[in-house]
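>
Residue numbers (the UniProt record's numbering): 1 to 417.
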């Protein structure tokens with residue numbers, strides 16, 4: 001599959017390189033970086049698949065690094081993209097959410113060891129996080145001191161129990177005094193709302209994360225209140241797909257610890273927990289701004305909407321702004337002219353608003369269109385799709401404690417003014 005694997009910084013510097021089928025010339029990375037710079041100049045995204053006369057370059061872009069896979073023959077691109085994403089998710093679990101150039105350099109040995117264990121001659125091998133942690137100890141003060149004092153490796157000499165069995169994602173002989181399993185339903189809203197407040201497009205992308213502390217080899221059966229609404233569902237390898245196809249229930253033997261059970265998509269959402277009413281108008285010399293953000297509470301007045309941030313990109317011809325807010329605070333970047341209004345938690349006793357005027361550079365024409373507002377928010381204990389877990393059956397003699405938590409967040413939430 002992969003001939004080579006690279007991790008590049010946002011500056012184009014090569015942080016990690018790993019080869020399986022001959023030494024790939026470093027000029028291939030220079031070619032990839034030229035494509036990155038060209039895409040930035042055009043204001044477009046870097047193509048996930050780049051074809052060259054000799055190679056296929058498949059990449060994923062993260063906030064501070066690029067993960068690049070080089071192939072010499074045709075392979076399903078989604079397989080490679082998913083594998084690169086799993087490598088990145090493993091780095092996040094080992095080193096924290098802020099994966100940067102410094103993170104890779106500070107944990108170079110761990111990074112290289114993880115790549116070696118996750119791939120066998122360029123093919124995906126061990127990608128289950130729980131087994132990786134059994135084989136390669138996560139970095140920490142104690143483990144670093146012990147390895148330096150005793151001159152021992154972070155890699156264990158013994159494979160985890162069950163790693164070569166039929167159920168490769170769960171080791172054998174697990175025991176807990178308290179048997180618990182927790183489900184986190186996390187949903188993101190991708191939405192476009194026009195200037196009249198009507199929804200142009202809206203879909204929900206969700207995932208269910210699981211933290212499992214169950215003894216033995218439990219065979220679980222999970223049912224939802226309305227499974228038919230789920231589209232484009234992708235599962236963890238532990239899920240028996242045939243039962244989902246026939247009965248719309250999840251039957252699986254879970255990995256131990258943390259894992260992602262499934263991803264899904266829901267369409268047809270027509271009610272939102274939050275509203276935005278923008279009134280922005282421009283004329284010669286300047287314009288007026290009046291934006292209100294409120295809590296709809298259409299079916300649950302106890303909803304809490306927090307971490308609300310509205311981003312308003314004003315025209316580059318804006319010279320100054322005289323704005324006021326009654327909730328939160330705002331700031332304007334002088335170079336980009338982007339206004340960032342940090343509302344925080346929406347109070348129920350008043351409606352947050354931002355209002356005032358903006359001035360344009362003398363002699364400049366009014367903007368051809370009003371800015372589109374990007375909104376961020378978070379609603380704890382709420383599922384916008386209405387998805388909920390109805391029941392959980394376990395094959396073991398004990399009855400596990402089940403916990404379910406939901407949260408809804410804004411993905412690409414755009415309001416046109």
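Virtual Cβ for every residue (Gly too), placed ideally from N, Cα, C.
1. DSSP three-state label for residue 225, please.
2. Can you give the beta carbon distance from residue 418 to residue 221, rounded, assuming they're within the 8 Å contact cut?
3. Tell me where the alpha helix (DSSP H) around residue 77 begins and ends.
4. Look up residue 169 in the DSSP assignment and say whether it is helix, strand or coil.
5. When the distance is taken between beta carbons, is residue 373 closer than 7 Å to residue 408?
6. Can you give me the C-alpha to C-alpha distance between residue 366 and residue 377, rounded to a whole angstrom?
7. Would you mind working out which of 7, 279 and 322 sits nearest residue 197, comparing C-alpha positions?
8. Given that a residue counts as buried once 16 or more other Cβ atoms are within 10 Å of its Cβ, and exposed if not, what is residue 45?
9. With burial defined as no fewer than 16 other Cβ atoms inside 10 Å of the residue's Cβ, what is the status of residue 400: buried or exposed?
10. For the candidate residues 352, 118 and 82, whose alpha-carbon lies nearest to that of residue 324?
11. Can you look up residue 125 in the DSSP assignment and give me helix, strand or coil?
12. Could you please give me the residues that DSSP links to residue 430 through a beta bridge?
13. Which residue from 7, 126 and 406 puts its Cα closest to that of residue 382?
14. For residue 328, I'd like the list of residues in its chain whose CB is within less than 7 Å of its CB, leaving aside the five on either flank, ordered along the chain.
15. By the three-class DSSP mapping on this structure, what secondary structure does residue 374 have?
16. For residue 266, which of 292, 302 and 228 has the nearest alpha-carbon?
17. Taking just the CA atoms, how far does residue 60 sit from residue 286?
18. Is residue 477 helix, strand or coil when you go by DSSP?
19. How many whole angstroms separate the CB atoms of residue 127 and residue 2, which I take to be in contact at a CB cut-off of 8 Å?
20. Taking a contact to mean a Cβ-Cβ separation below 7 Å, would you say residue 313 touches residue 293 in this structure?
21. If you count every other CB in all the chains shown that lies within 10 Å of the CB of residue 183, and 16 or more means buried, which is it?
22. Tell me whether residue 108 sits in a helix, a strand or coil according to DSSP, three-state version.
23. List the endpoints of the continuous alpha helix (DSSP H) containing residue 238.
24. What residues are listed by DSSP as bridge partners for residue 257?
25. Name the DSSP beta bridge partners of residue 31, please?
26. Per the contact definition of three or more C-beta pairs closer than 8 Å, is the region 24 to 33 in contact with the region 81 to 98?
27. Would you say the beta carbon of residue 399 is closer than 6 Å to some non-hydrogen atom of the ligand ADP?
28. Using a Cβ distance threshold of 8 Å, determine whether the region 302 to 318 contacts the region 387 to 403, with at least three qualifying pairs required.
29. Whose C-beta lies closer than 7 Å to the C-beta of residue 244 among residues of the same chain, with five residues either side of it excluded?
30. Would DSSP call residue 355 helix, strand or coil?
31. Please list, in chain order, all residues of the same chain as residue 67 whose beta carbon is under 7 Å from its beta carbon, the five residues on each side excluded.
32. DSSP beta-bridge partners for residue 271?
33. Unbroken alpha helix (DSSP H) runs of length 4 or more, entirely within the region 2 to 76: which are they?
34. Could you check whether residue 303 and residue 264 sit closer than 7 Å to each other, using their CB atoms as the reference points?
35. Which residues in the same chain as residue 317 place their Cβ atom closer than 6 Å to its Cβ, once the five residues preceding and following it in sequence are excluded?
36. Nearest-angstrom Cα distance between residue 423 and residue 111?
Short version:
1. Taking the first residue of the chain shown as 1, we reach residue 225 at position 225. In the structure shown, residue 225 sits in coil (DSSP, three-state: anything other than H, G, I, E or B).
2. With the chain represented from 1 up to 417, any question about residue 418 goes unanswered, as that position is not in the structure.
3. Sequence index remark: in the chain shown, residue 77 carries index 77 (1-based). Residue 77 -> alpha helix (DSSP H) spans 77 to 95.
4. As a working mapping, residue 169 is identified with position 169 in the chain shown. If DSSP states are grouped into helix, strand and coil, residue 169 belongs with coil.
5. Your numbering for residue 408 matches position 408 in the chain shown. Your numbering for residue 373 matches position 373 in the chain shown. In this structure, residue 373 does not lie closer than 7 Å to residue 408 by Cβ.
6. In the chain shown, residue 366 corresponds to position 366, counting from 1. In the chain shown, residue 377 corresponds to position 377, counting from 1. Using only the alpha carbons, I get a separation of about 31 Å.
7. Here residue 197 refers to the residue found at position 197 when the chain shown is read from its first residue. That would be 279, whose Cα lies nearest to the Cα of residue 197.
8. Within the chain shown, residue 45 is the residue found at index 45, counting from 1. Classification of residue 45: exposed, given that the 10 Å Cβ count is below 16.
9. Residue numbering aside, residue 400 sits at position 400 when the chain shown is read from its first letter. Residue 400 sits buried, since 16 or more C-beta atoms from the chains shown fall within 10 Å of its C-beta.
10. Mapped onto the chain shown, residue 324 falls at position 324. When only C-alpha atoms are compared, the closest one is 352.
11. Position 125 of the chain shown holds residue 125. In this structure, residue 125 counts as coil in the three-state DSSP scheme.
12. The structure shown does not extend to residue 430, since the chain spans only 1 to 417, so no value can be given for it.
13. Locating residue 382 in the chain shown gives position 382, counting from the first residue. Ranking 7, 126 and 406 by Cα distance to residue 382 puts 406 first.
14. Here residue 328 refers to the residue found at position 328 when the chain shown is read from its first residue. If we look at residue 328 and ignore the five residues flanking it on each side, its Cβ neighbours are 341, 342, 343, 344 and 352.
15. The residue labelled residue 374 in the question sits at position 374 within the chain shown. In this structure, residue 374 counts as strand in the three-state DSSP scheme.
16. Here residue 266 refers to the residue found at position 266 when the chain shown is read from its first residue. Closest by alpha carbon: 228.
17. For the purposes of this step, residue 286 is identified with residue 286 of the chain shown, where counting begins at 1. For the purposes of this step, residue 60 is identified with residue 60 of the chain shown, where counting begins at 1. Taking the straight line joining both Cα atoms gives about 42 Å.
18. In the structure as shown, the chain starts at 1 and stops at 417, and residue 477 therefore has no counterpart that could be examined.
19. Along the chain shown, one-based indexing puts residue 127 at 127. Along the chain shown, one-based indexing puts residue 2 at 2. Contact doesn't hold; Cβ gap of about 13 Å is too wide.
20. Here residue 313 is taken as the residue at index 313 of the chain shown, counted from 1. Here residue 293 is taken as the residue at index 293 of the chain shown, counted from 1. Result no, Cβ atoms of residue 313 and residue 293 do not sit closer than 7 Å.
21. Numbered from 1 along the chain shown, position 183 holds the residue referred to as residue 183. Its Cβ being crowded by 16 or more others within 10 Å, residue 183 is buried.
22. Looking up residue 108 in the chain shown gives position 108. In the structure shown, residue 108 sits in a helix (DSSP, three-state: H, G or I).
23. Translated into positions along the chain shown, residue 238 becomes position 238. No alpha helix (DSSP H) contains residue 238, which DSSP labels as neither H nor E.
24. Residue numbering aside, residue 257 sits at position 257 when the chain shown is read from its first letter. DSSP output for residue 257 lists 212 as bridge partner(s).
25. As a first step, residue 31 is located in the chain shown; it is residue number 31 there, counting from the start. Its beta-bridge partners do not exist; DSSP assigns none.
26. With fewer than three CB-CB distances shorter than 8 Å, the region 81 to 98 does not count as touching the region 24 to 33.
27. As far as ligands go, the structure on display features none, and thus does not contain the ligand ADP.
28. Contact fails: fewer than three Cβ-Cβ distances are below 8 Å.
29. Counting from one through the chain shown, the residue named residue 244 turns up at place 244. Result list for residue 244: 250, in chain order.
30. The sequence position of residue 355 within the chain shown is 355, counting from 1. Reduced to three states, the DSSP call for residue 355 is strand.
31. Working through the chain shown from its first residue, we reach residue 67 at position 67. Same-chain partners within the cutoff: 7, 59, 60, 84, 87 and 88.
32. Counted from its first residue, the chain shown places residue 271 at position 271. DSSP output for residue 271 lists no bridge partner at all.
33. 27 to 42
34. Within the chain shown, residue 264 is the residue found at index 264, counting from 1. Within the chain shown, residue 303 is the residue found at index 303, counting from 1. No, the pair does not count as a contact, with Cβ atoms beyond the cut-off.
35. Counted from its first residue, the chain shown places residue 317 at position 317. Only 360, 361 and 364 meet the Cβ criterion.
36. Absent from the model: residue 423. The displayed extent of the chain is 1 to 417, so no value can be given.
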